[in-house]
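Q: I'd like to ask some things about the structure below.
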Amino acid sequence: MPLPGESEGAEPPQSPQRGLGPSPKYELTGSAPKRDTMSESAFKCGWVALMGPPNAGKSTLLNTSIGQKVAIVSPRPQTTRNQITGILSDKDAQVIFMDTPGIHQLRGKMNRVMLQSAWQAMEGADALGIILDADLYARRPEFLDKDIAPLKEPIAAETRPVFVVANKVDLLGDKSKLLPLLETLHGFWPKAEIFPVSALNGEGVPGLLKAIKKALPEGEAQFPEDMLSTLPMRFMAAEIVREKLFLSLRQELPYSTAVDIEAWEEDPESGHVTIHAVIYVGRSSHKSIVIGHAGKNIKQVGQTARQEIMELLDRKVHLELWVKVKENWIEDGSFLHALGLGIQ
Ligand code: GDP
Ligand code: MG
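Now the structure itself:
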């Protein structure tokens, strides 16, 4: 996925050995935060929960805001399963975003666990971002009420700063179609600030970030400047494999697919990493879908995932994928917990 809309400020220097994508901030060395302690505006730091219906563009907004991909994105709803953090550090603020699974009304154990994770993120936040697919509601206003039903009252009662992001404005041919939607949203949440944005191409994102930083509490940075996420690399690697599965199989992919990193070995001399990842599916018929004819699909998933994990780790990676059947894992609480899903 291209990463448009680098956040405001200086571009991170491009590392010579990396040809693809923006250089991750964790490669920068020796650059202490450039804070002017004498300046009048104090350093801001806080947690922002990104919430909203599935597929609104929460994960895309997170990636664009921090200028790096930390959350996986797919055209299918329910791609994000638990709380993903992304950290934006610059000279006057540190914003710790919590991307969440969409707020929806589906049943089932995993869905409950996903919802819990979204509400938990909301509890711990200093400010809230409500992400909505403005293109969808401009065309189909009748969907809005049901989609935001779980959030409507809690957000109206909020005392913390709320930012409503009317996303996907790049899809709107005629921007004046946005106005009735913005008015409706203002009616629901009069205290909230509303921002028309395209998380995909970055339009409106700098203004949104500026407002968020302004609203955060004063305080020292909570994480090192070069840290992109609080999540371990192991988890991010499993997420990358899951994204490639989503993208390769599209509609065919059984929803009940999970990825677990069983082994992660680093060669102390060369630094090369060998990763064994297990793809869990709910039925044996799903196994053959994931593997594909003559192993074609799993091979493609392995190649694209390996490439991206190599970019993330900036070192050579050997990735081995296994497909295992585990019936009904989606309702198995302890398995969900073992995968890192649910309350941490
Ligand atoms: P989430 O479920 O809210 O995290 O949504 P995602 O970030 O996974 O995005 C869902 C889909 O919408 C993906 O196919 C994204 O590429 C797409 N998307 C997200 N933001 C935008 C946007 O601003 N414009 C357009 N055209 N597509 C977007
Ligand atoms: Mg998501």
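The opening residue of the sequence shown carries number 79 in the numbering used here; numbering runs sequentially from there. Backbone N, C-alpha and C fix where the C-beta goes; we use that ideal spot for every residue, glycine too.
Any chance you could list the beta strand (DSSP E) runs of at least 3 consecutive residues sitting entirely within the stretch 162-231, in chain order?
A: Taking only runs of at least 3 residues, the beta strand (DSSP E) segments lying wholly in the stretch 162-231 are 162-167, 171-177, 205-211.
Q: Tell me the DSSP secondary structure of Lys-394 in three-state form.
A: If DSSP states are grouped into helix, strand and coil, Lys-394 belongs with coil.
Q: Span of the alpha helix (DSSP H) holding Met-311?
A: 311-327 is the span of the alpha helix (DSSP H), which, as asked, contains Met-311.
Q: Assuming Glu-281 contacts Asp-252 under a Cβ cut-off of 8 Å, what Cβ separation, rounded to an integer in Å, is found between them?
A: Glu-281 to Asp-252, Cβ: 16 Å. No contact.
Q: Looking only at its own chain, which residues have a Cβ that is under 7 Å from the Cβ of Ser-412, when we skip the five neighbours before and after it?
A: Excluding positions up to five away in sequence, the list is empty.
Q: Going by DSSP in three states, Thr-142 sits in which element: helix, strand or coil?
A: Reduced to three states, the DSSP call for Thr-142 is helix.
Q: Confirm, please, whether the CB-CB distance from Ile-357 to Leu-323 is below 8 Å.
A: For Leu-323 and Ile-357, yes; Cβs fall inside 8 Å.
Q: Please look up how many angstroms separate the CB atoms of Met-127 and Ala-199, rounded, as I've assumed it's under 8 Å.
A: With the sequence shown as reference, residue 127 is identified as Ala, and Met is not the correct amino acid for it. Yes, Ala-127 and Ala-199 are in contact; Cβ-Cβ is about 4 Å, under 8 Å.
Q: What residue range does the beta strand (DSSP E) around Glu-281 cover?
A: No beta strand (DSSP E) holds Glu-281; DSSP gives it neither H nor E.
Q: In terms of alpha-carbon separation, which member of Val-242, Glu-405, Met-311, Ile-226 lies closest to Leu-391?
A: Here the closest residue by C-alpha is Met-311.
Q: Does the count of Cβ pairs from the stretch 397-417 and the stretch 368-388 closer than 8 Å reach three?
A: Yes: the two stretches touch, three or more of their Cβ pairs being nearer than 8 Å.
Q: Mind checking whether Ala-270 and Val-240 have CB atoms under 8 Å apart?
A: Closer than 8 Å, so yes.
Q: Please report how far the alpha carbon of Lys-402 lies from the alpha carbon of Glu-347, in whole angstroms.
A: Using only the alpha carbons, I get a separation of about 32 Å.
Q: Determine the direct distance from the alpha carbon of Arg-320 to that of Ala-416, and round the result to whole angstroms.
A: Approximately 16 Å between the Cα atoms of the pair.
Q: Grab me the residues of Val-359's own chain with a C-beta within less than 7 Å of its C-beta, minus the 5 sequence neighbours each way, in chain order.
A: These residues qualify, in order along the chain: Pro-332, Ser-334, Thr-335, Lys-365, Val-368, Val-401, Val-403.
Q: Quick check on DSSP: helix, strand or coil for Ala-244?
A: DSSP places Ala-244 in strand when its eight states are reduced to three.
Q: List the whole-angstrom C-beta distance separating Phe-175 from Glu-298, where the pair is believed to meet the contact cut-off of C-beta under 8 Å.
A: Not quite, the Cβ-Cβ distance comes to about 18 Å (not below 8 Å), so this is no contact.
Q: Under 8 Å between the Cβ atoms of Glu-340 and Val-351?
A: No; because the gap between Cβ atoms is not below 8 Å, this pair is not in contact.
Q: How many Å lie between Ser-326 and Pro-179 at the Cα?
A: Rounded to whole angstroms, Ser-326 to Pro-179 spans 21 Å at the Cα level.
Q: Using 8 Å for Cβ pairs, my map puts Ile-162 next to Ile-144. What's the rounded Cβ distance?
A: That pair is no contact at about 11 Å.
Q: Strictly by DSSP, which residues pair up with Met-305?
A: Per DSSP, none; premise fails for Met-305.
Q: Give a single yes or no on whether Lys-322 has its beta carbon closer than 7 Å to a heavy atom of the ligand GDP.
A: Result no, Cβ not under 7 Å from the ligand GDP.
Q: Any heavy atom of the ligand MG closer than 7 Å to the CB of Ala-149?
A: Because some heavy atom of the ligand MG lies under 7 Å away, the Cβ of Ala-149 counts as near it: yes.
Q: So, with DSSP's three-state summary, where would you put Gly-124?
A: Three-state DSSP puts Gly-124 in a strand.
Q: Less than 8 Å between the C-beta atoms of Val-243 and Leu-286, yes or no?
A: Cβ distance < 8 Å, so Val-243 and Leu-286 count as in contact.
Q: Look up Thr-237 in the DSSP assignment and say whether it is helix, strand or coil.
A: DSSP places Thr-237 in coil when its eight states are reduced to three.
Q: Out of Leu-214, Trp-267, Thr-157, which has the shortest C-alpha to C-alpha gap to Ser-137?
A: Checking every option, the nearest Cα to that of Ser-137 belongs to Thr-157.
Q: Measuring CA to CA, which of Ser-362, Val-173, Asn-133, Thr-262 is closest to Asp-304?
A: Considering only alpha carbons, the answer is Val-173.
Q: I'd like to confirm something about Thr-157: is its beta-carbon nearer than 7 Å to some heavy atom of the ligand COA, or not?
A: With respect to small molecules bound, the structure shown includes the ligand GDP and the ligand MG and not the ligand COA.
Q: Within the continuous alpha helix (DSSP H) that includes Ala-46, where are the two ends?
A: Residue 46 cannot be examined here, being either before or after the span of the chain that is shown, 79 to 422.
Q: Buried or exposed: which applies to Leu-257, given that a residue is buried once 16 or more other Cβ atoms fall within 10 Å of its Cβ?
A: With fewer than 16 Cβ atoms within 10 Å of its Cβ, Leu-257 is classed as exposed.
Q: Taking the Cβ atom as the reference point for each residue, do Ile-209 and Leu-229 lie within a distance shorter than 8 Å?
A: Their beta carbons are not under 8 Å apart, which means Ile-209 does not touch Leu-229 by this criterion.
Q: Thinking C-alpha only, which one of Val-283, Ala-216, Trp-197, Ser-276 is nearest Leu-260?
A: Checking every option, the nearest Cα to that of Leu-260 belongs to Ala-216.
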